[in-house]
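The sequence shown: position 18 = 15 (this note's numbering), numbered continuously.
Everything below concerns the one structure shown next.
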Amino acid sequence: MILDNNLTLEQFISVVRHGEKVELSDAARRRIQTARDVIENIVEGDTAIYGVNTGFGKFENVQIDRHQLAQLQHNLIVSHAIGVGEPLPAEVVRGMLLLRAQSLSLGHSGVRPEVVELLLALLNAGAHPVIPAQGSVGASGDLAPLAHLALALIGLGEVEYHGQVRPSAEVLAHLGLKPVTLQAKEGLALINGTQLMGSLLALALHDAKVLLGTANLAAAMTIEAKYGSHRPFGADVVGLRPHPGAVAVAAQVRDFLHGSEIAPSHLTGDGKVQDAYSLRAVPQVHGATWDAIAQAERVLAVEFASVTDNPLIFPETGEVVSGGNFHGQPLAVTIDALKVAVAELGSISERRTEQLLNPALSGLPAFLTPQGGLNSGLMIAQYTSAALASENKVLAHPASVDSIPTSANQEDHVSMGAHAARQLRAIVQNVGHILAIELMCAAQGLDFQKLRAGQGVQAAYEYIRSFVPHLEQDRYYRPDVLRLREEIASGELLRVACSVESGAPAPSKVGPQTETERDTTSRH
-2 MILDNNLTLE
8 QFISVVRHGE
18 KVELSDAARR
28 RIQTARDVIE
38 NIVEGDTAIY
48 GVNTGFGKFE
58 NVQIDRHQLA
68 QLQHNLIVSH
78 AIGVGEPLPA
88 EVVRGMLLLR
98 AQSLSLGHSG
108 VRPEVVELLL
118 ALLNAGAHPV
128 IPAQGSVGAS
138 GDLAPLAHLA
148 LALIGLGEVE
158 YHGQVRPSAE
168 VLAHLGLKPV
178 TLQAKEGLAL
188 INGTQLMGSL
198 LALALHDAKV
208 LLGTANLAAA
218 MTIEAKYGSH
228 RPFGADVVGL
238 RPHPGAVAVA
248 AQVRDFLHGS
258 EIAPSHLTGD
268 GKVQDAYSLR
278 AVPQVHGATW
288 DAIAQAERVL
298 AVEFASVTDN
308 PLIFPETGEV
318 VSGGNFHGQP
328 LAVTIDALKV
338 AVAELGSISE
348 RRTEQLLNPA
358 LSGLPAFLTP
368 QGGLNSGLMI
378 AQYTSAALAS
388 ENKVLAHPAS
398 VDSIPTSANQ
408 EDHVSMGAHA
418 ARQLRAIVQN
428 VGHILAIELM
438 CAAQGLDFQK
448 LRAGQGVQAA
458 YEYIRSFVPH
468 LEQDRYYRPD
478 VLRLREEIAS
488 GELLRVACSV
498 ESGAPAPSKV
508 GPQTETERDT
518 TSRH
């Protein structure tokens, strides 16, 4: 991949998770050098410019002798690298390397090209600086985490390489790379930014999109397993309240249900008047998550194309401006909203699991076991789902409403965006497990059906049954849940369901009610 002006979420995932190599474009290299020339001119003069020849934060008024500028930048990195907690996962660190290089490549930060080249060299080599997860308040960006990233560039700290944690200097030497001696402005440019928040958000957003499609599939499977109505998903019904997410979700669920033999089988003799909210309100609940994901995508696209450094260099005029582009609030508020939206996928999924397991609600054997009493069936699966859904309620509490002053009140409002982003990652992981549990239960419920489900549902059901066997007697279920979680995370289960040629009309072309839909209107 050539790193230039634009970076997409798809490119980000290709690099971060799939190891695609990255190199600077010639245009980016020229932009970087042009901004660097401005810094070099400033260094030769006597004008005090924050972060170039002054101290930082509360020490902004302390001017530094030009012969000490390299020491100033070195001191900045080592003093700010004071994060704590468990190391960030490698994919998060890879995202930070990529996003920091991307921002610097836009040519308003004043670093030398070789600094950006070294970031990309580490990324391409799979050498990942060890970065503690905790320590950012998301104000002047992710200062402490990014300082740990910068440590590797100067040959300090540790790097994870081929599964082993080794001293940075040792790994650099092994790779034939030389640590840089940071010059004026470069240390500050490396640590002023939102790259921890951005990396976590990008990864979670990609995964949340897969979870949403999987949640739509899980809902469709549950509907089929317990003779739920298809009518609430009609384009005419949802069209009377046409939020984009609700329309899109209903269309996908219709596709999964298309061709069902189960739905026509209970057009008569079914005493139910309407289904529970967790089934018939799926377009509205899942659709709200769809809308939140769409908003997060818009915010992330802007962030990917942004300079989050301070001060900013304007090569056209030679101006250097101190601003607030590093502040994490645009991401923090977006992440908090996405936390709530993704958590709701888990909350409603847990309720659908209850609908399947509770014989008073399902019409199926209690806890989906044919030999209840001797066997507990899937009883405790719902306990785990409930535990995760409740944990998500705590994690979904907004972090961005908190603030605590730092740097002797120079930085008097902070975003807490890194907290929000780490919580979002945990929520995404929890919801993956909740959906895995619903899918396991829905597959078991479908085992009691004698007819074929909708084509997308049937394909997913048969795929699940290829590695999760039918439950006849109690067994050790955890491996089944973990395997399902893997299939969800990889997107493979969703691909199987979506690959079926349903023959259903495109969402934009759905016409009047079908005969079946008219027949069921009065009942549902």
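Idealized CB from N, CA, C, for every residue including glycine.
Candidates the options: closest to residue i by CA position
{"i": "serine 133", "options": "Gly92, Gly190, Glu157, Gly104", "result": "Gly190"}
{"i": "glycine 414", "options": "His324, Arg28, Ala32, Asp43", "result": "His324"}
{"i": "leucine 174", "options": "Asn121, Ser387, His145, Gly284", "result": "Asn121"}
{"i": "valine 296", "options": "Val270, Ala334, Gln271, Ala273", "result": "Ala334"}
{"i": "leucine 432", "options": "Arg91, Gly451, Ala378", "result": "Ala378"}
{"i": "arginine 14", "options": "Gln65, Ser196, Gly453", "result": "Ser196"}
{"i": "valine 244", "options": "Ala285, Lys223, Gly225, Ser275", "result": "Ala285"}
{"i": "valine 391", "options": "Pro362, Leu358, Asn427, Gln368", "result": "Asn427"}
{"i": "glutamate 88", "options": "Gly123, Ala78, Cys495, His77", "result": "Gly123"}
{"i": "valine 318", "options": "Ala329, His145, Thr305", "result": "Thr305"}
{"i": "histidine 467", "options": "Ala417, Arg28, Leu443, Ile290", "result": "Leu443"}
{"i": "leucine 342", "options": "Met376, Ala357, Asp288", "result": "Asp288"}
{"i": "valine 177", "options": "Pro164, Glu111, Thr211", "result": "Glu111"}
DSSP state of residue i mapped onto helix, strand, coil
{"i": "alanine 124", "result": "strand"}
{"i": "isoleucine 345", "result": "helix"}
{"i": "proline 261", "result": "helix"}
{"i": "asparagine 72", "result": "helix"}
{"i": "aspartate 516", "result": "Low confidence applies to aspartate 516: its pLDDT is 38, below 50, so where it sits in the model is not reliable enough to give any reading."}
{"i": "phenylalanine 311", "result": "strand"}
{"i": "valine 507", "result": "Low confidence applies here, because valine 507 scores a pLDDT of 29, under 50, leaving its location unreliable; read the following figure in that light. Reduced to three states, the DSSP call for valine 507 is coil."}
{"i": "glutamine 208", "result": "The identity of residue 208 in the sequence shown is leucine, whereas the question assumes glutamine. Leucine 208 falls in the helix class under three-state DSSP."}
{"i": "glycine 500", "result": "At glycine 500 the pLDDT is 47, less than 50, meaning the model places this residue with poor confidence; the figure from the coordinates comes in the next sentence. Correct three-state label for glycine 500: coil."}
{"i": "tyrosine 224", "result": "coil"}
{"i": "leucine 375", "result": "coil"}
{"i": "isoleucine 10", "result": "helix"}
{"i": "threonine 5", "result": "coil"}
{"i": "proline 362", "result": "coil"}
{"i": "glutamine 470", "result": "coil"}
{"i": "alanine 273", "result": "coil"}
{"i": "glutamate 17", "result": "coil"}
{"i": "leucine 0", "result": "strand"}
{"i": "proline 239", "result": "coil"}
{"i": "alanine 136", "result": "strand"}
{"i": "proline 229", "result": "helix"}
{"i": "alanine 130", "result": "strand"}
{"i": "threonine 403", "result": "strand"}
{"i": "glycine 284", "result": "helix"}
{"i": "valine 600", "result": "Only positions -2 to 521 of the chain appear in the structure, and residue 600 is not among them; the question remains open."}
{"i": "glycine 325", "result": "coil"}
Residue-chain proximity (residue i, chain D), Cβ-Cβ < 8 Å
{"i": "valine 330", "result": "No chain D appears in this structure, which consists of one protein chain only."}
Whole-Å CB distance - residue i paired with residue j, under 8 Å assumed
{"i": "histidine 105", "j": "leucine 365", "result": "The pair is not a contact, with the Cβ atoms about 59 Å apart (cut-off 8 Å)."}
{"i": "proline 129", "j": "glycine 154", "result": "10 Å between Cβ atoms; not a contact."}
{"i": "glutamine 455", "j": "arginine 449", "result": "5 Å"}
{"i": "alanine 186", "j": "valine 90", "result": "With a Cβ gap of about 19 Å, alanine 186 and valine 90 do not count as contacting."}
{"i": "alanine 141", "j": "isoleucine 79", "result": "6 Å"}
{"i": "alanine 538", "j": "serine 397", "result": "Nothing can be reported for residue 538: it is not among the residues displayed for the chain, which extend from -2 to 521."}
{"i": "glycine 184", "j": "glutamine 352", "result": "Wrong, their Cβ atoms sit about 56 Å apart, outside the cutoff."}
{"i": "arginine 475", "j": "valine 465", "result": "Rounded, the Cβ-Cβ distance is 12 Å, inconsistent with contact."}
{"i": "proline 362", "j": "glycine 369", "result": "6 Å"}
Close beta carbons around residue i, own chain, < 7 Å, minus the five adjacent residues each side
{"i": "alanine 501", "result": "Reliability of the predicted coordinates at alanine 501 is poor, the pLDDT of 42 falling under 50, and no value is obtained from them."}
{"i": "valine 19", "result": "Met(-2), Leu0, Val12, Leu95, Leu117, Leu120, Asn121"}
{"i": "glutamate 7", "result": "none"}
{"i": "glutamine 60", "result": "Ala45, Asn50, Thr51"}
{"i": "isoleucine 345", "result": "Ser275, Val282"}
{"i": "isoleucine 434", "result": "Thr350, Ala378, Thr381, Ser382, Val478"}
Neighbourhood of residue i by C-beta, 6 Å cutoff - its chain only, sequence neighbours within 5 removed
{"i": "alanine 547", "result": "Coverage of the chain is limited to positions -2 through 521, which leaves residue 547 absent and any answer about it impossible."}
{"i": "alanine 216", "result": "Val279"}
{"i": "glycine 374", "result": "Phe364, Leu365, Thr366"}
{"i": "arginine 422", "result": "Leu197, Ala201"}
{"i": "alanine 293", "result": "Leu202, Thr331, Leu335"}
{"i": "alanine 393", "result": "Lys336, Val337, Ala340"}
{"i": "valine 497", "result": "Gln452, Gly453, Ala456"}
{"i": "glutamate 17", "result": "Met(-2), Ser11"}
{"i": "alanine 144", "result": "Ile74, His77, Ala78, Ile188"}
{"i": "glutamine 470", "result": "Asn372"}
Contact test: residue i Cβ vs the ligand FMN heavy atom, cutoff 7 Å
{"i": "serine 463", "result": "What this structure holds is no ligand at all, so the ligand FMN is not there to describe."}
Neighbourhood of residue i by C-beta distance below 8 Å, restricted to the same chain and skipping five residues each side
{"i": "alanine 486", "result": "Asp204, Val207, Gly429"}
{"i": "isoleucine 401", "result": "Val134, Val411"}
{"i": "aspartate 34", "result": "Pro312"}
{"i": "serine 100", "result": "Ser106, Gly190, Gln192, Ser303, Val304, Thr305, Asp306"}
Could you tell me which uninterrupted alpha helix (DSSP H) segments, each at least 4 residues in length, are contained entirely in the segment 411 to 451, listed from first to last along the chain? Fully enclosed alpha helix (DSSP H) runs of 4 or longer: 414 to 444.
May I have a chain-ordered list of the alpha helix (DSSP H) segments no shorter than 4 residues that lie completely inside the segment 39 to 116? DSSP runs (the alpha helix (DSSP H)) wholly in the segment 39 to 116: 66 to 77, 87 to 101.
Give the list of continuous alpha helix (DSSP H) stretches no shorter than 4 residues that lie fully inside the segment 138 to 181. 140 to 150, 165 to 171, all fully within the segment 138 to 181.
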